[in-house]
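Peer 1:
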Amino acid sequence: MFPVNLTFLCLLLVQPFGQIPAFEDGDLKLFESRAITQYIAHEYFDKGTQLVIRDSKKMAILSVWTEVEGQKFDPAASKLTWELGIKPLLGMPTDSAVVEEYEAKLAAVLDVYEARLAQSKYLGGDSFTLADLHHLPTIHYLIGTQSKKLFESRPHVSAWVANITARPAWNKVIAMRS
Ligand SMILES: *[C@@H]1O[C@H](CO)[C@@H](O)[C@H](O)[C@H]1NC(C)=O
Numbered sequence: 000m001f002p003v004n005l006t007f008l009c010l011l012l013v014q015p016f017g018q019i020p021a022f023e024d025g026d027l028k029l030f031e032s033r034a035i036t037q038y039i040a041h042e043y044f045d046k047g048t049q050l051v052i053r054d055s056k057k058m059a060i061l062s063v064w065t066e067v068e069g070q071k072f073d074p075a076a077s078k079l080t081w082e083l084g085i086k087p088l089l090g091m092p093t094d095s096a097v098v099e100e101y102e103a104k105l106a107a108v109l110d111v112y113e114a115r116l117a118q119s120k121y122l123g124g125d126s127f128t129l130a131d132l133h134h135l136p137t138i139h140y141l142i143g144t145q146s147k148k149l150f151e152s153r154p155h156v157s158a159w160v161a162n163i164t165a166r167p168a169w170n171k172v173i174a175m176r177s
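If you're matching positions, the sequence shown starts at 0 in numbering that gives the first Met the number 0 and goes up one per residue.
1. By how many angstroms is the C-alpha of L83 removed from the C-alpha of L210?
2. Would L27 be called buried (16 or more neighbouring beta carbons within 10 Å of its own) or exposed?
3. Leaving out the 5 sequence neighbours to the left and right, which residues in its chain are closer than 8 Å to Y178 when beta-carbon positions are compared?
4. Tell me whether F150 sits in a helix, a strand or coil according to DSSP, three-state version.
5. Given the structure, does A130 come close to ligand 1, in the sense that its CB is under 7 Å from one of the ligand's heavy atoms?
6. From Q49 to A130, what does the alpha carbon distance come to, in whole angstroms?
7. Are there 16 or more other CB atoms within 10 angstroms of the CB of V67, so buried, or fewer, so exposed?
8. Pull up the CB-CB distance for L122 and W64, whole angstroms please, since I reckon it's below 8 Å.
9. If I follow the unbroken alpha helix (DSSP H) through L29, where does it start and stop?
Put into structure tokens, the structure is as follows:
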């Protein structure tokens, strides 16, 4: 049995530009990081933090916000991560027109998050779930760039970012990477 824990689960999400995350558990072979986290969260539901919900209506809401992350947040956040976080490391020039365009897109998404997080402690519901966890890698990059202003200027988003990035499991991931 592969030693799976929350730290590993986070680690799978950390390499948006690296190898495709690949996962094996016995006969099961998976790719796509969000499918891998779903499997681990269900398979290890009784161990550690419960990252999915066994009530179908509550799970449906959680799924809405995991879709929002994948389809609305991530395209803008990943583009900005590339321009502001990765390109400078590779000695490539940042394209400020692209940054401006995608900061506007991310701001529009974060306006929706601000309204959601005013009503709900976490995106998926009352507790930390996959809907929040999937944001950690890109948020980690972006709060080290000029785009951090987009998070800091929205009080509920800012409190949510502070809360999820302070989680001990996430800090273990950061420590393992450096
Ligand atoms: C995050 O929020 C939860 C729920 O309010 C709280 O129990 C926890 O201590 C907070 N964590 C941090 C690091 O602020």
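By construction, the Cβ of each residue, glycine as well, lies at the ideal position given by its N, Cα and C atoms.
Peer 2: Let me spell this out:
1. The structure shown does not extend to residue 210, since the chain is modelled only from 0 to 177, so the question has no answer here.
2. Classification for L27: exposed.
3. Summary: the structure shown does not reach residue 178, with the chain confined to residues 0 through 177, and so no result is reported for it.
4. helix
5. no
6. 12 Å
7. V67 is buried by the Cβ-count criterion.
8. 4 Å
9. For L29, no alpha helix (DSSP H) encloses it; the enclosing beta strand (DSSP E) starts and ends at 27 to 30.
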